[in-house]
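Line by line, the protein sequences give chains A and B. Numbering follows this note's numbering, with no gaps: position 252 of the first sequence is 258. Numbering follows this note's numbering, with no gaps: position 530 of the second sequence is 542. Beta carbons are placed, not taken as given, at the ideal position from N, Cα and C, and that holds for glycine. No experiment lies behind these values; they were computed from the predicted model shown. Below you'll find the structure, written out as structure tokens, and then a few comments.
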Amino acid sequence: MDKKDRLCQETWAKSSSSGNELPKNISTEKPSFINFNFNSQQYEQKWEDTSIFGSRTNSSFQEFNPQSETQSLLPSNPNDHIKMADQENSQINETLQTNKIPDWDPRAMLNNLSFLEQKIHQLQDLVHLIVGRRGQVLGRPDELVTQQQQLVTADLTSIIVQLISTAGSLLPSVKHTLSATTTPVGQLGGILFPSGTGMNNSVQQQHSSGSKVSDQSNQMDVTGNCGTEQNYSIEEHEMKDEEDAEEGENLPPGSYEILQLEKEEILAPHTHFCTICGKGFKRDANLRMHMRGHGDEYKTPAALAKPNKEASSEPVLIKRYSCPFTGCKRNKDHKKFQPLKTILCVKNHYKRTHCDKSYTCSRCNTKKFSVIADLKTHEKHCGKDKWLCSCGTTFSRKDKLFGHIALFQGHTPAIPPDETKGPAGPSDKGDENEVANKVGSINYSFGSGGANGTGAQNVMDVKGGVDDPASYFSPLNFDTCNFG
Amino acid sequence: MKRQKMTIEFDDNNSNKSNNNLFDLLSEEIVFAILDLLNTNPLDRKSFSLVCKSVYNLESKHRKTLKPLRQEHLPRILNRYPHISHLDLSLCPRINDNSLTVISNACKDSLRSIDLSRSRFFSYNGLMSLALNCKNLVDVDLSNATELRDAAAAAVAEAKNLERLWLGRCKLITDMGIGCIAVGCKKLRLISLKWCLGVTDLGVDLIAVKCKEIRSLDLSYLPITNKCLPSILKLQYLEDLAMEGCFGIDDDSLTALKHGCKSLKRLDMSSCQNISYVGLSSLISGAGGLEQLTLAYGCPVTPALANSLKNLSALQSVKLDGCMVTSAGLKALGNCLISLRELSLSKCLGVTDEGLSSLVTKHRELRKLDITCCRKITDASIAHISSSCGNLTSLRMESCTLVSREAFVLIGQRCQFLEELDLTDNEIDDEGLKSISRCSKLSSLKLGICLNISDEGLAYIGMHCSKLTELDLYRSAEITDAGILAIASGCHDLEMINMSYCRDITDSSLISLSKCARLNTFESRGCPLITSLGIAAIAVGCKQLTKLDIKKCHNIDDNGMLPLAHFSQNLRQITLSYSSVTDVGLLSLASISCLQNMTVLHLKGLTPSGLAAALLACGGLTKVKLHVAFKSLLPHPLFEHLEARGCVFEWRDKQFQAELDPKCWKLQLEDMIP
Numbered sequence: 007m008d009k010k011d012r013l014c015q016e017t018w019a020k021s022s023s024s025g026n027e028l029p030k031n032i033s034t035e036k037p038s039f040i041n042f043n044f045n046s047q048q049y050e051q052k053w054e055d056t057s058i059f060g061s062r063t064n065s066s067f068q069e070f071n072p073q074s075e076t077q078s079l080l081p082s083n084p085n086d087h088i089k090m091a092d093q094e095n096s097q098i099n100e101t102l103q104t105n106k107i108p109d110w111d112p113r114a115m116l117n118n119l120s121f122l123e124q125k126i127h128q129l130q131d132l133v134h135l136i137v138g139r140r141g142q143v144l145g146r147p148d149e150l151v152t153q154q155q156q157l158v159t160a161d162l163t164s165i166i167v168q169l170i171s172t173a174g175s176l177l178p179s180v181k182h183t184l185s186a187t188t189t190p191v192g193q194l195g196g197i198l199f200p201s202g203t204g205m206n207n208s209v210q211q212q213h214s215s216g217s218k219v220s221d222q223s224n225q226m227d228v229t230g231n232c233g234t235e236q237n238y239s240i241e242e243h244e245m246k247d248e249e250d251a252e253e254g255e256n257l258p259p260g261s262y263e264i265l266q267l268e269k270e271e272i273l274a275p276h277t278h279f280c281t282i283c284g285k286g287f288k289r290d291a292n293l294r295m296h297m298r299g300h301g302d303e304y305k306t307p308a309a310l311a312k313p314n315k316e317a318s319s320e321p322v323l324i325k326r327y328s329c330p331f332t333g334c335k336r337n338k339d340h341k342k343f344q345p346l347k348t349i350l351c352v353k354n355h356y357k358r359t360h361c362d363k364s365y366t367c368s369r370c371n372t373k374k375f376s377v378i379a380d381l382k383t384h385e386k387h388c389g390k391d392k393w394l395c396s397c398g399t400t401f402s403r404k405d406k407l408f409g410h411i412a413l414f415q416g417h418t419p420a421i422p423p424d425e426t427k428g429p430a431g432p433s434d435k436g437d438e439n440e441v442a443n444k445v446g447s448i449n450y451s452f453g454s455g456g457a458n459g460t461g462a463q464n465v466m467d468v469k470g471g472v473d474d475p476a477s478y479f480s481p482l483n484f485d486t487c488n489f490g
Numbered sequence: 013m014k015r016q017k018m019t020i021e022f023d024d025n026n027s028n029k030s031n032n033n034l035f036d037l038l039s040e041e042i043v044f045a046i047l048d049l050l051n052t053n054p055l056d057r058k059s060f061s062l063v064c065k066s067v068y069n070l071e072s073k074h075r076k077t078l079k080p081l082r083q084e085h086l087p088r089i090l091n092r093y094p095h096i097s098h099l100d101l102s103l104c105p106r107i108n109d110n111s112l113t114v115i116s117n118a119c120k121d122s123l124r125s126i127d128l129s130r131s132r133f134f135s136y137n138g139l140m141s142l143a144l145n146c147k148n149l150v151d152v153d154l155s156n157a158t159e160l161r162d163a164a165a166a167a168v169a170e171a172k173n174l175e176r177l178w179l180g181r182c183k184l185i186t187d188m189g190i191g192c193i194a195v196g197c198k199k200l201r202l203i204s205l206k207w208c209l210g211v212t213d214l215g216v217d218l219i220a221v222k223c224k225e226i227r228s229l230d231l232s233y234l235p236i237t238n239k240c241l242p243s244i245l246k247l248q249y250l251e252d253l254a255m256e257g258c259f260g261i262d263d264d265s266l267t268a269l270k271h272g273c274k275s276l277k278r279l280d281m282s283s284c285q286n287i288s289y290v291g292l293s294s295l296i297s298g299a300g301g302l303e304q305l306t307l308a309y310g311c312p313v314t315p316a317l318a319n320s321l322k323n324l325s326a327l328q329s330v331k332l333d334g335c336m337v338t339s340a341g342l343k344a345l346g347n348c349l350i351s352l353r354e355l356s357l358s359k360c361l362g363v364t365d366e367g368l369s370s371l372v373t374k375h376r377e378l379r380k381l382d383i384t385c386c387r388k389i390t391d392a393s394i395a396h397i398s399s400s401c402g403n404l405t406s407l408r409m410e411s412c413t414l415v416s417r418e419a420f421v422l423i424g425q426r427c428q429f430l431e432e433l434d435l436t437d438n439e440i441d442d443e444g445l446k447s448i449s450r451c452s453k454l455s456s457l458k459l460g461i462c463l464n465i466s467d468e469g470l471a472y473i474g475m476h477c478s479k480l481t482e483l484d485l486y487r488s489a490e491i492t493d494a495g496i497l498a499i500a501s502g503c504h505d506l507e508m509i510n511m512s513y514c515r516d517i518t519d520s521s522l523i524s525l526s527k528c529a530r531l532n533t534f535e536s537r538g539c540p541l542i543t544s545l546g547i548a549a550i551a552v553g554c555k556q557l558t559k560l561d562i563k564k565c566h567n568i569d570d571n572g573m574l575p576l577a578h579f580s581q582n583l584r585q586i587t588l589s590y591s592s593v594t595d596v597g598l599l600s601l602a603s604i605s606c607l608q609n610m611t612v613l614h615l616k617g618l619t620p621s622g623l624a625a626a627l628l629a630c631g632g633l634t635k636v637k638l639h640v641a642f643k644s645l646l647p648h649p650l651f652e653h654l655e656a657r658g659c660v661f662e663w664r665d666k667q668f669q670a671e672l673d674p675k676c677w678k679l680q681l682e683d684m685i686p
């Protein structure tokens with residue numbers, strides 16, 4: 007049990023850090039939360055008896071539930087996600103079923119509306135603040151004014167987009183129903199889901215959304231529908247002004263603006279959403295292509311042109327990004343803050359540093375990644391790391407191995423034990439491949455949605471295997487087997 | 013002193029009244045002293061050990077080196093000889109892992125050296141047990157172990173005290189295996205990686221980085237480049253570096269080197285096509301102690317090359333075989349070098365009288381000179397050589413065809429310290445031989461294809477050169493029994509004689525040669541007058557005989573083989589092609605346990621079943637040359653069985669050839685040479 011606890015602590019380390027701040031937040035949306043909480047309990051029960059992971063999620067939820075009471079906003083996504091999970095399992099709860107059937111969820115709508123309300127209030131405050139400060143700050147009036155203008159514009163756009171998005175969810179269409187069963191999965195677990203770790207991730211996200219609320223002053227957008235539109239705090243910016251310049255880029259303070267995306271935005275697979283039907287896209291070009299289907303007005307050259315180019319006449323500040331994770335060096339509150347250059351950097355940084363490494367290489371079953379591109383890069387070379395040192399380190403290049411051996415005393419090249427028998431790989435490796443294949447097939451059946459009542463069990467097996475490839479025979483895994 | 017010891021011994025044995033064998037009274041020290049002197053013939057030790065039990069036991073105790081014939085006997089002989097430190101297995105074609113395990117368990121820590129260069133069928137298992145059990149192993153020769161892989165090299169790496177390791181032609185060993193050895197065998201002083209084609213810069217570099225004690229490094233024919241050179245040249249004690257045929261190393265990479273190797277004494281850069289004097293001078297800069305330089309088949313010998321050797325005061329030996337040579341280059345070489353003792357210009361193109369003369373007049377201390385196939389030189393060169401280099405001990409001048417018969421008289425008159433003289437294919441005549449007979453230290457004389465010499469000249473040699481051990485009369489057609497008789501009666505130490513195609517030789521020559529008890533190599537190809545009688549005489553007289561070639565001696569039949577089988581127990585190699593030997597004779601040879609190499613082509617009386625029986629009976633065969641017709645006549649499993657024993661078959665498909673006239677053959681040869 008100690009081990010389990012430790013695991014949980016590790017897994018949920020992020021949330022505990024922000025847990026203290028939670029009580030400050032004001033709950034405005036209790037019904038919505040109750041719904042969610044109820045769902046999550048169902049969820050929890052479901053897993054509890056199947057595997058060790060059940061108990062992991064269980065404990066995490068216990069930790070989570072009290073915190074979430076103070077949560078003001080909840081994205082509708084978790085509901086959808088659990089729907090998905092239920093579909094995978096035949097044991098569907100009645101309550102859940104009722105939740106699932108309508109495509110339009112009034113609670114979610116309410117949720118969204120309250121969010122908008124809050125957002126407008128925030129904007130109001132901001133404008134008040136600007137008005138109040140106008141007389142005080144005379145040092146760089148022009149610059150500040152531009153910044154403030156941008157800020158207000160960004161917030162207004164965000165509100166508009168949110169409003170349209172909320173309205174769009176009311177449009178009934180068969181297409182939407184279909185996409186609702188797939189996109190939520192993508193939105194939360196993303197492509198992680200087929201690898202069998204989607205559950206864990208989604209739970210984590212739900213949970214982290216609780217912690218996110220803590221710095222409500224900064225955050226503006228929970229659902230991530232605004233895409234790249236940013237939350238922005240003027241106080242933060244002023245604080246940054248007083249800080250020293252960054253070593254990395256040597257940009258003078260204030261010469262760039264710091265933007266901070268929230269976790270959901272970072273992890274959301276889609277950043278561009280159709281304002282009419284709500285469909286998400288990764289690229290705005292794809293969105294524009296999609297928009298043509300909604301009417302002739304979207305087919306004009308102006309509508310199809312890149313939107314950002316219009317604003318180029320104004321002097322644009324260099325944008326730099328901050329990681330939302332408190333304590334991270336890439337977080338703007340860090341003493342030696344080093345900003346991230348692009349949104350892509352933010353995404354990769356956040357996934358690599360603050361997310362589970364949920365993609366496991368199917369070849370070696372050892373290396374794990376949180377960014378799928380990293381996995382793909384690794385898989386290209388995996389298995390080619392045939393240069394092995396006696397210390398267990400593998401090298402993809404022979405000269406690197408020899409450099410390593412030349413450097414260290416007592417290290418010697420390791421020769422595969424069955425080398426004399428032929429060029430085939432070591433026998434134990436073969437077993438691993440077998441395991442990997444098995445895992446692969448299970449994954450596949452799950453991902454394709456053809457899983458039945460035992461689907462969840464399978465996932466758990468896979469999870470154990472994928473998560474801890476080194477401990478196939480560890481007691482942890484034994485438990486899994488027993489439960490199964 | 014001896015008597016004292018004997019009495020002491022006697023006192024000790026007084027209590028034991030039953031002991032009445034006088035030999036038992038000999039002390040251990042005395043027997044050991046006697047055994048130390050019994051080195052010439054292995055059979056002497058054997059017969060000595062059979063004197064009595066105590067001597068037998070003492071001999072077992074005394075013996076340090078062993079050269080067994082078959083692996084089957086290993087457990088018993090190792091049981092008899094507990095103190096073996098050097099084990100030479102070059103006569104055992106088949107040594108499997110089991111044998112190596114037996115060796116390692118029997119010899120344990122006493123074994124210091126093992127030679128597996130001619131053995132096959134062992135793998136890393138055996139080597140591992142050897143390395144783990146024989147902790148004091150210092151020398152391991154694994155040359156020609158073409159089937160060994162990196163795992164075997166890793167096993168060798170367990171021999172932590174290894175100092176000398178030969179891995180020539182271990183083609184399957186790669187950098188990984190060499191890396192293991194580099195890490196494991198830190199005390200390595202010599203490593204030969206010749207023809208280890210799987211070893212590259214990385215492996216060599218690691219050897220140089222990890223084994224700081226290296227004295228001798230053979231990297232010939234490795235696919236190495238300049239990358240490994242800096243670490244090699246940093247080796248503090250490196251004396252001997254061979255980089256023959258390293259095509260990956262060029263001038264550019266050598267000139268980039270900041271410092272040469274200071275400790276270097278011997279450097280071999282033969283067949284390095286991409287290296288000229290520029291790279292060479294960079295490599296040997298600072299190597300003031302360089303003694304021997306081999307640049308065979310390399311860059312042309314020009315004044316520039318000679319200039320780069322200027323500062324090498326210790327340089328004694330230069331080998332430039334097969335290089336393009338200019339007269340100016342030779343002249344400059346003569347001026348730049350200081351104390352040349354040994355020079356080889358064998359097969360060099362462009363060696364002229366002018367160049368050679370100016371060189372030899374500068375180096376009067378020259379001891380060894382090789383001018384084989386320098387076809388342009390004439391009497392003038394020989395005159396200069398003989399007048400300047402009076403201390404010459406070795407002169408090889410095969411096929412210097414422009415040198416006239418008078419020049420050889422000069423050699424005999426002025427170079428009286430000659431020990432080795434190769435006059436193959438020259439114009440020397442009896443007068444020259446008479447003069448050369450004044451070289452009383454002469455031990456090796458090659459007179460092949462010297463068509464002008466006769467018995468008369470040979471008689472002078474036989475009379476005066478009593479130390480002659482090696483005589484080659486190949487195709488010197490004028491030689492008859494009289495000449496051989498003179499040699500046999502004068503040169504008792506004769507070990508090798510070649511009388512091939514001296515058609516007038518008869519049995520009486522062989523009978524006279526049977527007096528030379530040390531004779532081990534006897535070649536008499538194409539002597540049709542020799543019969544079994546002569547061979548029988550040789551077999552009886554020359555017990556040391558190891559190599560016998562009686563190809564095309566049509567009159568030798570089974571009657572010659574029977575005495576051979578009985579007396580020549582040291583015979584290793586026999587060539588019987590075109591003789592009249594049949595199944596019986598061949599089968600009788602099976603009683604010679606050392607017999608390894610057999611060439612039996614065109615034996616009229618040989619039947620497939622007779623051959624099969626003989627092959628099966630000769631247990632130690634390693635190489636057999638057979639006519640391809642037998643391949644289909646004999647069952648395949650038979651060959652498989654023999655190959656598993658370690659025998660290699662070479663199939664020949666030559667037509668039966670009638671012998672050519674010797675003069676006509678010589679003309680043919682001259683046509684071939686440009």
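Going along chain B, which residues have a C-beta under 9 Å from residue i?
i      : result
T418/A : A166, A169, G191, C192, A194, V195 and G196
I264/A : Correct list: empty, because the minimum Cβ distance to chain B is about 49 Å.
Counting only beta-carbon separations shorter than 8 Å, does residue i have a partner in chain B?
i      : result
I411/A : yes
E253/A : Here the model assigns E253/A a pLDDT of 43, short of 50, so the residue's position is not dependable and the matter cannot be decided.
Run through chain B and tell me which residues come within less than 7 Å of residue i, C-beta to C-beta.
i      : result
D405/A : L214
How close, in whole Å, do the beta carbons of residue i and residue j come, if the pair is a contact with beta carbons under 8 Å?
i      : j      : result
T533/B : T558/B : 7 Å
If we count the other Cβ atoms within 10 Å of its Cβ and call it buried at 16 or more, is residue i buried or exposed?
i      : result
L413/A : exposed
L34/B  : exposed
K353/A : buried
S223/A : No answer about S223/A holds up, because its pLDDT of 40 lies below 50 and its placement is not dependable.
A311/A : exposed
V151/A : exposed
Strictly below 8 Å CB to CB, what residues from chain A border residue i?
i      : result
D217/B : F408 and A412
For residue i and chain A, any beta-carbon pair shorter than 8 Å?
i      : result
D109/B : no
M255/B : no
V43/B  : no
M188/B : yes
V211/B : no
Note down, in chain order, every chain B residue with its Cβ under 8 Å from the Cβ of residue i.
i      : result
I272/A : Within 8 Å Cβ-Cβ: nothing; I272/A doesn't reach chain B, min ~44 Å.
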